[in-house]
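Below you'll find the structure, written out as C-alpha coordinates, and then a few comments.
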Amino acid sequence: MKISIERGALLKAVGQAQSVVERRNTIPILANVLIEAEGDTVSFRATDLDIEVVDRTPAVVERAGATTVSAVMLHEIVRKLPDGALVGLSEDPASGRLTVTAGRSVFSLATLPREDFPVMASSEYSSTFKAPAPVLRRLFDKAKFAISTEETRYYLNGVYMHVATGEEGSVLRCVATDGHRLARIDAALPEGAQGMPGVIVPRKTVNELRKLLDDDEVEIAVSVSETKVRFATPQITMTSKVIDGTFPDYSRVIPTANARRLEVDAQEFAKAVDRVATVSSERSRAVKLSLDEDRLVLSVNAPDSGAAEEELAVAYGDERLEIGFNAKYLLEIASQVDRENAVFLFNSSGDPTLMREGNDMSAVYVVMPMRV
(Lines of atoms letter the chains of each structure in order from A; the text may use other names.)
(Lines give C-alpha, C1' and ligand atoms only; values in the text may rest on other atoms or scores of the structure.)
Protein backbone atom coordinates (compact mmCIF):
# COMPACT_ATOMS: atom_id res chain seq x y z
CA MET A 1 0.00 0.00 0.00
CA LYS A 2 1.24 3.47 -0.87
CA ILE A 3 -0.84 6.65 -0.61
CA SER A 4 -0.52 10.45 -0.33
CA ILE A 5 -3.10 12.43 1.62
CA GLU A 6 -3.54 16.00 2.85
CA ARG A 7 -2.78 16.38 6.56
CA GLY A 8 -6.15 18.02 7.48
CA ALA A 9 -8.21 15.22 5.91
CA LEU A 10 -6.01 12.57 7.52
CA LEU A 11 -6.21 14.22 10.95
CA LYS A 12 -10.02 14.33 10.84
CA ALA A 13 -10.30 10.67 9.78
CA VAL A 14 -7.76 9.36 12.28
CA GLY A 15 -9.17 11.59 15.04
CA GLN A 16 -12.57 9.95 14.71
CA ALA A 17 -10.96 6.50 14.72
CA GLN A 18 -8.70 6.98 17.73
CA SER A 19 -11.56 8.24 19.93
CA VAL A 20 -13.43 4.95 19.39
CA VAL A 21 -10.58 2.54 20.18
CA GLU A 22 -10.31 1.31 23.76
CA ARG A 23 -7.14 2.56 25.46
CA ARG A 24 -7.14 -0.29 27.99
CA ASN A 25 -7.81 -3.54 26.19
CA THR A 26 -6.39 -7.03 26.23
CA ILE A 27 -6.69 -7.52 22.46
CA PRO A 28 -3.84 -5.59 20.76
CA ILE A 29 -5.58 -5.34 17.36
CA LEU A 30 -8.41 -3.29 18.94
CA ALA A 31 -5.92 -0.47 19.56
CA ASN A 32 -5.29 -0.27 15.82
CA VAL A 33 -7.01 1.46 12.92
CA LEU A 34 -7.54 -0.53 9.73
CA ILE A 35 -6.37 1.52 6.71
CA GLU A 36 -7.72 0.33 3.34
CA ALA A 37 -6.71 2.08 0.09
CA GLU A 38 -8.44 1.45 -3.20
CA GLY A 39 -9.25 3.54 -6.30
CA ASP A 40 -8.96 7.15 -5.18
CA THR A 41 -10.28 6.62 -1.65
CA VAL A 42 -8.76 5.52 1.62
CA SER A 43 -10.93 4.31 4.49
CA PHE A 44 -10.05 4.26 8.18
CA ARG A 45 -11.92 1.71 10.29
CA ALA A 46 -11.83 1.45 14.11
CA THR A 47 -13.85 -0.60 16.58
CA ASP A 48 -14.13 -1.51 20.27
CA LEU A 49 -16.45 -4.43 19.34
CA ASP A 50 -19.49 -2.35 20.40
CA ILE A 51 -19.03 0.62 18.03
CA GLU A 52 -17.47 0.63 14.59
CA VAL A 53 -16.55 3.81 12.72
CA VAL A 54 -15.51 3.91 9.06
CA ASP A 55 -14.25 7.24 7.69
CA ARG A 56 -13.66 7.51 3.92
CA THR A 57 -11.57 10.30 2.47
CA PRO A 58 -10.07 11.06 -0.99
CA ALA A 59 -6.37 10.34 -1.44
CA VAL A 60 -3.82 9.68 -4.17
CA VAL A 61 -3.50 5.89 -4.13
CA GLU A 62 -0.30 4.78 -5.86
CA ARG A 63 -0.58 1.20 -4.67
CA ALA A 64 -3.79 -0.29 -3.26
CA GLY A 65 -3.62 -2.36 -0.09
CA ALA A 66 -4.54 -2.53 3.59
CA THR A 67 -2.84 -2.65 6.98
CA THR A 68 -3.48 -1.84 10.64
CA VAL A 69 -1.49 0.51 12.85
CA SER A 70 -1.86 2.04 16.32
CA ALA A 71 -4.68 4.60 16.07
CA VAL A 72 -3.47 6.76 18.97
CA MET A 73 0.13 6.81 17.75
CA LEU A 74 -0.84 7.73 14.16
CA HIS A 75 -3.16 10.46 15.46
CA GLU A 76 -0.43 11.95 17.65
CA ILE A 77 2.03 12.00 14.73
CA VAL A 78 -0.43 13.60 12.28
CA ARG A 79 -1.56 16.14 14.92
CA LYS A 80 2.02 17.38 15.33
CA LEU A 81 2.70 17.74 11.60
CA PRO A 82 2.51 21.27 10.10
CA ASP A 83 -0.76 22.50 8.57
CA GLY A 84 -1.16 21.82 4.86
CA ALA A 85 1.52 19.12 4.82
CA LEU A 86 1.19 16.30 2.31
CA VAL A 87 1.49 13.02 4.21
CA GLY A 88 2.74 9.80 2.61
CA LEU A 89 1.76 6.40 4.01
CA SER A 90 3.53 3.35 2.61
CA GLU A 91 3.50 -0.19 3.93
CA ASP A 92 6.25 -2.72 3.52
CA PRO A 93 4.69 -6.17 4.08
CA ALA A 94 8.11 -7.80 4.39
CA SER A 95 9.17 -5.74 7.41
CA GLY A 96 5.67 -5.35 8.85
CA ARG A 97 6.14 -1.58 9.08
CA LEU A 98 4.15 1.46 7.96
CA THR A 99 6.30 4.43 6.95
CA VAL A 100 4.76 7.88 7.49
CA THR A 101 6.50 10.75 5.69
CA ALA A 102 5.84 14.49 5.64
CA GLY A 103 8.49 16.94 4.45
CA ARG A 104 11.68 15.90 6.22
CA SER A 105 9.90 13.86 8.90
CA VAL A 106 9.92 10.07 8.63
CA PHE A 107 8.22 7.68 11.06
CA SER A 108 8.26 3.89 10.97
CA LEU A 109 5.36 2.24 12.81
CA ALA A 110 4.71 -1.40 13.71
CA THR A 111 1.69 -2.98 12.02
CA LEU A 112 -0.54 -5.97 12.65
CA PRO A 113 -2.08 -8.13 9.88
CA ARG A 114 -5.37 -6.82 8.48
CA GLU A 115 -6.81 -10.38 8.62
CA ASP A 116 -6.84 -10.17 12.44
CA PHE A 117 -8.97 -7.01 12.44
CA PRO A 118 -12.57 -7.72 13.57
CA VAL A 119 -15.24 -6.34 11.24
CA MET A 120 -18.69 -5.88 12.74
CA ALA A 121 -21.18 -8.33 11.26
CA SER A 122 -23.64 -6.65 8.94
CA SER A 123 -27.19 -6.49 10.14
CA GLU A 124 -30.58 -6.45 8.47
CA TYR A 125 -32.07 -3.09 9.36
CA SER A 126 -35.85 -3.09 9.75
CA SER A 127 -36.13 0.65 9.25
CA THR A 128 -34.09 3.35 7.48
CA PHE A 129 -34.77 7.09 7.32
CA LYS A 130 -32.95 10.37 6.76
CA ALA A 131 -32.81 13.32 9.12
CA PRO A 132 -30.91 16.64 8.97
CA ALA A 133 -27.89 16.77 11.29
CA PRO A 134 -29.24 19.72 13.37
CA VAL A 135 -32.43 17.76 14.19
CA LEU A 136 -30.53 14.72 15.47
CA ARG A 137 -28.01 16.93 17.25
CA ARG A 138 -30.80 18.65 19.18
CA LEU A 139 -32.43 15.32 20.10
CA PHE A 140 -29.26 13.78 21.51
CA ASP A 141 -27.55 16.91 22.90
CA LYS A 142 -30.53 17.96 24.97
CA ALA A 143 -31.14 14.46 26.33
CA LYS A 144 -27.64 13.16 27.05
CA PHE A 145 -26.98 15.07 30.30
CA ALA A 146 -29.62 12.88 32.01
CA ILE A 147 -28.02 9.54 31.01
CA SER A 148 -27.35 7.41 34.09
CA THR A 149 -23.79 6.37 34.94
CA GLU A 150 -24.96 3.67 37.36
CA GLU A 151 -23.85 0.34 35.93
CA THR A 152 -26.43 -1.72 37.85
CA ARG A 153 -29.31 -0.14 35.93
CA TYR A 154 -27.54 -0.64 32.60
CA TYR A 155 -30.74 0.00 30.61
CA LEU A 156 -30.53 3.67 31.69
CA ASN A 157 -26.94 4.03 30.38
CA GLY A 158 -28.08 5.50 27.07
CA VAL A 159 -30.68 7.54 25.17
CA TYR A 160 -33.95 5.80 24.30
CA MET A 161 -34.76 6.69 20.67
CA HIS A 162 -38.25 5.68 19.56
CA VAL A 163 -41.45 6.72 17.83
CA ALA A 164 -44.04 8.22 20.20
CA THR A 165 -47.26 10.21 20.14
CA GLY A 166 -46.67 13.89 20.83
CA GLU A 167 -48.92 16.94 20.99
CA GLU A 168 -49.58 16.88 17.25
CA GLY A 169 -49.30 13.24 16.24
CA SER A 170 -46.32 10.89 15.84
CA VAL A 171 -42.84 12.18 16.69
CA LEU A 172 -39.27 10.89 16.84
CA ARG A 173 -38.45 11.04 20.54
CA CYS A 174 -35.27 10.76 22.62
CA VAL A 175 -35.51 10.16 26.37
CA ALA A 176 -32.82 9.81 29.04
CA THR A 177 -33.12 9.53 32.81
CA ASP A 178 -31.03 8.56 35.82
CA GLY A 179 -33.92 8.46 38.29
CA HIS A 180 -33.17 12.00 39.58
CA ARG A 181 -33.82 13.93 36.38
CA LEU A 182 -35.34 13.17 33.01
CA ALA A 183 -35.14 14.74 29.55
CA ARG A 184 -37.75 14.09 26.84
CA ILE A 185 -37.06 15.68 23.44
CA ASP A 186 -39.31 15.45 20.35
CA ALA A 187 -38.75 16.13 16.66
CA ALA A 188 -40.99 15.79 13.60
CA LEU A 189 -41.13 12.15 12.50
CA PRO A 190 -38.93 11.65 9.41
CA GLU A 191 -40.37 9.79 6.45
CA GLY A 192 -39.67 6.07 6.73
CA ALA A 193 -39.28 6.04 10.52
CA GLN A 194 -42.85 5.00 11.32
CA GLY A 195 -42.18 1.31 12.02
CA MET A 196 -38.85 1.82 13.75
CA PRO A 197 -38.16 -0.38 16.80
CA GLY A 198 -37.33 1.61 19.94
CA VAL A 199 -33.60 1.33 20.77
CA ILE A 200 -31.37 2.45 23.65
CA VAL A 201 -28.29 4.14 22.11
CA PRO A 202 -25.30 3.72 24.52
CA ARG A 203 -23.63 6.72 26.14
CA LYS A 204 -20.31 6.26 24.29
CA THR A 205 -22.13 6.09 20.93
CA VAL A 206 -24.05 9.28 21.76
CA ASN A 207 -20.76 11.08 22.51
CA GLU A 208 -19.06 9.78 19.34
CA LEU A 209 -22.13 10.62 17.28
CA ARG A 210 -21.70 14.29 18.20
CA LYS A 211 -18.73 14.52 15.81
CA LEU A 212 -20.85 13.29 12.91
CA LEU A 213 -23.50 15.90 13.59
CA ASP A 214 -21.27 18.99 13.56
CA ASP A 215 -21.98 19.84 9.92
CA ASP A 216 -25.34 21.62 9.68
CA GLU A 217 -25.69 20.97 5.96
CA VAL A 218 -25.45 17.19 6.03
CA GLU A 219 -28.28 14.66 5.97
CA ILE A 220 -27.78 11.65 8.22
CA ALA A 221 -29.05 8.25 7.09
CA VAL A 222 -30.27 6.38 10.18
CA SER A 223 -30.78 2.60 10.06
CA VAL A 224 -32.27 0.75 13.02
CA SER A 225 -32.69 -2.93 13.93
CA GLU A 226 -33.46 -4.65 17.24
CA THR A 227 -29.74 -5.05 17.98
CA LYS A 228 -27.91 -2.30 16.07
CA VAL A 229 -28.19 1.32 14.99
CA ARG A 230 -26.25 2.94 12.16
CA PHE A 231 -25.68 6.64 11.43
CA ALA A 232 -24.13 7.43 8.04
CA THR A 233 -23.00 10.43 6.00
CA PRO A 234 -21.34 10.07 2.57
CA GLN A 235 -17.93 10.10 4.33
CA ILE A 236 -18.52 8.46 7.72
CA THR A 237 -20.49 5.40 8.82
CA MET A 238 -20.93 4.68 12.51
CA THR A 239 -22.47 1.37 13.56
CA SER A 240 -23.24 0.57 17.17
CA LYS A 241 -24.78 -2.21 19.18
CA VAL A 242 -27.75 -1.02 21.22
CA ILE A 243 -28.30 -1.72 24.92
CA ASP A 244 -30.14 -5.00 25.35
CA GLY A 245 -32.78 -4.05 27.90
CA THR A 246 -36.21 -2.51 28.37
CA PHE A 247 -36.40 1.21 28.99
CA PRO A 248 -38.86 1.99 31.82
CA ASP A 249 -42.24 3.63 31.24
CA TYR A 250 -41.02 7.22 31.61
CA SER A 251 -44.47 8.76 31.04
CA ARG A 252 -45.44 7.80 34.61
CA VAL A 253 -42.90 10.19 36.12
CA ILE A 254 -43.75 13.21 33.95
CA PRO A 255 -46.17 15.30 36.04
CA THR A 256 -49.31 16.56 34.30
CA ALA A 257 -51.07 18.41 37.13
CA ASN A 258 -48.33 20.82 38.28
CA ALA A 259 -50.16 24.17 38.48
CA ARG A 260 -47.71 26.57 40.14
CA ARG A 261 -45.94 28.38 37.32
CA LEU A 262 -42.61 30.19 37.54
CA GLU A 263 -41.14 31.98 34.52
CA VAL A 264 -37.54 33.13 34.76
CA ASP A 265 -34.72 34.28 32.50
CA ALA A 266 -32.82 31.01 31.97
CA GLN A 267 -29.33 32.52 31.81
CA GLU A 268 -29.83 34.75 34.85
CA PHE A 269 -31.24 31.79 36.78
CA ALA A 270 -28.31 29.51 35.88
CA LYS A 271 -25.75 32.17 36.85
CA ALA A 272 -27.49 32.83 40.17
CA VAL A 273 -27.62 29.09 41.01
CA ASP A 274 -23.93 28.79 40.17
CA ARG A 275 -23.04 31.76 42.38
CA VAL A 276 -24.92 30.69 45.51
CA ALA A 277 -23.74 27.07 45.17
CA THR A 278 -20.12 28.24 45.41
CA VAL A 279 -20.20 28.25 49.24
CA SER A 280 -20.93 24.54 49.43
CA SER A 281 -18.20 22.04 48.68
CA GLU A 282 -20.47 19.01 48.80
CA ARG A 283 -21.08 17.19 45.55
CA SER A 284 -24.83 16.97 46.17
CA ARG A 285 -25.14 20.57 47.30
CA ALA A 286 -28.75 21.63 47.73
CA VAL A 287 -30.09 25.00 46.62
CA LYS A 288 -33.32 26.21 48.23
CA LEU A 289 -35.81 28.09 46.05
CA SER A 290 -38.18 30.33 48.05
CA LEU A 291 -41.00 31.59 45.85
CA ASP A 292 -43.30 34.48 46.58
CA GLU A 293 -45.24 36.81 44.30
CA ASP A 294 -42.88 37.78 41.41
CA ARG A 295 -39.90 37.07 43.63
CA LEU A 296 -37.47 34.14 43.85
CA VAL A 297 -34.83 33.82 46.56
CA LEU A 298 -32.09 31.25 45.96
CA SER A 299 -30.16 30.20 49.07
CA VAL A 300 -27.52 27.70 50.14
CA ASN A 301 -26.67 26.96 53.75
CA ALA A 302 -23.50 24.93 54.31
CA PRO A 303 -22.78 24.76 58.09
CA ASP A 304 -19.08 24.03 57.52
CA SER A 305 -18.29 26.74 54.99
CA GLY A 306 -20.95 29.45 55.02
CA ALA A 307 -24.20 30.60 53.44
CA ALA A 308 -25.30 32.50 50.35
CA GLU A 309 -28.49 34.12 49.09
CA GLU A 310 -29.56 35.84 45.89
CA GLU A 311 -32.87 37.35 44.83
CA LEU A 312 -34.26 37.33 41.27
CA ALA A 313 -37.25 39.15 39.78
CA VAL A 314 -39.47 36.49 38.20
CA ALA A 315 -43.03 35.94 36.99
CA TYR A 316 -44.81 33.95 39.72
CA GLY A 317 -48.38 34.45 40.91
CA ASP A 318 -49.16 31.39 43.03
CA GLU A 319 -48.98 30.74 46.76
CA ARG A 320 -45.68 30.74 48.62
CA LEU A 321 -43.46 27.71 48.04
CA GLU A 322 -40.11 26.50 49.35
CA ILE A 323 -38.39 23.67 47.47
CA GLY A 324 -34.83 22.34 47.29
CA PHE A 325 -32.83 20.91 44.37
CA ASN A 326 -29.37 19.52 43.68
CA ALA A 327 -27.48 22.55 42.29
CA LYS A 328 -25.75 20.49 39.58
CA TYR A 329 -29.10 19.18 38.27
CA LEU A 330 -30.61 22.67 38.17
CA LEU A 331 -27.61 24.03 36.28
CA GLU A 332 -27.66 21.23 33.72
CA ILE A 333 -31.37 21.62 33.07
CA ALA A 334 -31.20 25.43 32.83
CA SER A 335 -28.30 25.18 30.36
CA GLN A 336 -30.52 23.22 27.92
CA VAL A 337 -32.78 26.23 27.33
CA ASP A 338 -32.21 27.84 23.92
CA ARG A 339 -34.88 30.47 24.36
CA GLU A 340 -34.74 33.38 26.77
CA ASN A 341 -37.16 32.08 29.38
CA ALA A 342 -37.48 28.85 31.30
CA VAL A 343 -40.85 27.83 32.70
CA PHE A 344 -40.92 25.71 35.88
CA LEU A 345 -44.14 24.01 36.94
CA PHE A 346 -44.36 22.93 40.58
CA ASN A 347 -46.88 20.97 42.60
CA SER A 348 -45.45 20.79 46.12
CA SER A 349 -42.02 20.72 47.76
CA GLY A 350 -41.98 16.90 47.63
CA ASP A 351 -43.18 16.31 44.07
CA PRO A 352 -41.24 16.19 40.76
CA THR A 353 -40.88 19.56 39.00
CA LEU A 354 -41.41 20.05 35.29
CA MET A 355 -39.34 22.48 33.21
CA ARG A 356 -39.79 23.53 29.59
CA GLU A 357 -38.75 26.34 27.25
CA GLY A 358 -41.55 28.90 27.19
CA ASN A 359 -44.67 27.18 25.83
CA ASP A 360 -42.66 24.75 23.70
CA MET A 361 -43.64 21.18 24.59
CA SER A 362 -41.08 19.52 22.29
CA ALA A 363 -38.45 19.61 25.06
CA VAL A 364 -39.59 18.70 28.56
CA TYR A 365 -37.41 18.12 31.63
CA VAL A 366 -38.26 16.65 35.03
CA VAL A 367 -36.16 17.06 38.17
CA MET A 368 -36.75 15.48 41.59
CA PRO A 369 -36.56 17.81 44.60
CA MET A 370 -34.26 17.42 47.64
CA ARG A 371 -34.98 17.99 51.30
CA VAL A 372 -33.37 21.22 52.53
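Numbering (UniProt numbering), first residue to last: 1 to 372. Ideal Cβ placement from N, Cα and C applies to all residues, glycine included. Note that this is a predicted model, so its numbers are computed, not measured.
**Message:** At 4 residues or longer, what runs of the alpha helix (DSSP H) sit wholly inside the segment 218–290?
**Reply:** Considered as a whole, the segment 218–290 harbours 266–276 as its complete alpha helix (DSSP H) runs of no fewer than 4 residues, in chain order.
**Request:** Could you tell me which residues DSSP pairs with Ile-77 in its beta bridges?
**Result:** Counting from one through the sequence shown, the residue named residue 77 turns up at place 77. Ile-77 is not bridged to any residue.
**Message:** Can you list, in chain order, the residues of its chain with a C-beta nearer than 6 Å to that of Thr-99? Leave out the 5 residues immediately preceding and following it.
**Reply:** Residue 99 sits at position 99 when you count from the first residue of the sequence shown. Hits under 6 Å: Ser-90 and Ser-108.
**Request:** Can you give me the Cβ contacts of Val-364 inside the same chain, cut-off strictly under 7 Å, excluding the 5 residues immediately before and after it?
**Result:** Against the sequence shown, residue 364 aligns to sequence position 364. Excluding sequence neighbours, Val-364 sits near Arg-184, Ile-254, Leu-354 and Arg-356.
**Prompt:** Roughly how many angstroms lie between the CA atoms of Thr-149 and Gly-179, to the nearest whole one?
**Reply:** Taking the sequence shown and counting its residues from 1, one reaches residue 149 at position 149. Taking the sequence shown and counting its residues from 1, one reaches residue 179 at position 179. So the two alpha carbons sit approximately 11 Å from each other.
**Request:** State the beta-bridge partners of Met-370 as determined by DSSP.
**Result:** Residue numbering aside, residue 370 sits at position 370 when the sequence shown is read from its first letter. When DSSP reads this structure, Met-370 sits in a beta bridge with Gly-324.
**Asked** For the alpha helix (DSSP H) that contains Ala-17, what are its first and last residues?
**Response** Within the sequence shown, residue 17 is the residue found at index 17, counting from 1. Note, Ala-17: alpha helix (DSSP H), 7–20.
**Request:** Tell me whether Leu-34 sits in a helix, a strand or coil according to DSSP, three-state version.
**Result:** Indexing the sequence shown from 1 puts residue 34 at position 34. Here DSSP, grouped into helix, strand and coil, assigns Leu-34 to strand.
**Message:** Would Lys-288 and Gly-245 qualify as a contact pair, given that the criterion is a beta-carbon distance under 8 Å?
**Reply:** Here residue 288 corresponds to residue number 288 of the sequence shown, with the count starting at 1. Here residue 245 corresponds to residue number 245 of the sequence shown, with the count starting at 1. Cβ distance not < 8 Å, so Lys-288 and Gly-245 don't count as in contact.
**Request:** Answer yes if the segment 148–164 comes into contact with the segment 189–203, meaning at least three C-beta pairs across the two stretches below 8 Å, and no otherwise.
**Result:** Touching, yes.
**Item:** Inter-stretch contact (C-beta, 8 Å, three-pair minimum) for the segment 292–300 and the segment 261–280
**Value:** Yes: at least three Cβ pairs fall under 8 Å.
**Asked** Considering only the beta carbon of each residue, do Ala-327 and Arg-285 sit closer than 8 Å?
**Response** For the purposes of this step, residue 327 is taken as residue 327 along the sequence shown, with counting starting at 1. For the purposes of this step, residue 285 is taken as residue 285 along the sequence shown, with counting starting at 1. A contact, by the Cβ cut-off of 8 Å.
**Prompt:** So is Thr-152 buried or exposed if we call it buried at 16+ other beta carbons inside 10 Å?
**Reply:** Here the question's residue 152 lines up with position 152 in the sequence shown. The residue is exposed, with fewer than 16 neighbouring Cβ atoms inside 10 Å.
**Request:** Could you tell me which residues DSSP puts in a beta bridge with Ile-185?
**Result:** Translated into positions along the sequence shown, residue 185 becomes position 185. BP columns for Ile-185 point to Cys-174 and Ala-363.
**Request:** Return helix, strand or coil for Glu-168, following the three-state DSSP convention.
**Result:** Sequence index remark: in the sequence shown, residue 168 carries index 168 (1-based). Of the three classes helix, strand and coil, the one that applies to Glu-168 here is coil, per DSSP.
**Asked** What does a CB cutoff of less than 7 Å around residue 391 pick up in its chain, not counting 5 residues either side in sequence?
**Response** Any question about residue 391 goes unanswered here, given that the chain covers just 1 to 372.
**Prompt:** If you draw a straight line from the C-alpha of Val-372 to the C-alpha of Phe-346, how long is it?
**Reply:** Taking the first residue of the sequence shown as position 1, residue 372 is located at position 372. Taking the first residue of the sequence shown as position 1, residue 346 is located at position 346. So the two alpha carbons sit approximately 16 Å from each other.
**Asked** Assuming Gln-18 contacts Ala-59 under a Cβ cut-off of 8 Å, what Cβ separation, rounded to an integer in Å, is found between them?
**Response** One-based indexing of the sequence shown puts residue 18 at position 18. One-based indexing of the sequence shown puts residue 59 at position 59. About 18 Å; that fails the 8 Å criterion.
**Asked** Could you check where the beta strand (DSSP E) with Phe-44 kicks off and where it finishes?
**Response** Residue mapping note: residue 44 aligns to position 44 of the sequence shown, counting from 1. Unbroken beta strand (DSSP E) run through Phe-44: 41–47.
**Asked** Helix or strand or just coil, what does DSSP make of Asp-116?
**Response** The count along the sequence shown starts at 1 and reaches residue 116 at position 116. Asp-116 falls in the helix class under three-state DSSP.
**Residues bridged to Phe-129 (per DSSP)** = Position 129 of the sequence shown holds residue 129. Answer is Val-222.
**Request:** Grab me the residues of Lys-142's own chain with a C-beta within less than 7 Å of its C-beta, minus the 5 sequence neighbours each way, in chain order.
**Result:** Counted from its first residue, the sequence shown places residue 142 at position 142. Cβ neighbours of Lys-142 beyond the five flanking positions: Ala-183, Ile-185, Gln-336 and Ala-363.
**Message:** Could you pull the DSSP bridge partners for Lys-2 from this structure?
**Reply:** Within the sequence shown, numbered from 1, the residue matching residue 2 stands at position 2. Per DSSP, Arg-63 and Ser-90.
**Asked** For Gly-158, is the classification buried or exposed, using 16 other Cβ atoms within 10 angstroms of its Cβ as the cut-off for buried?
**Response** Here the question's residue 158 lines up with position 158 in the sequence shown. Within 10 angstroms of the beta-carbon of Gly-158 lie 16 or more other beta-carbons, which makes it buried.
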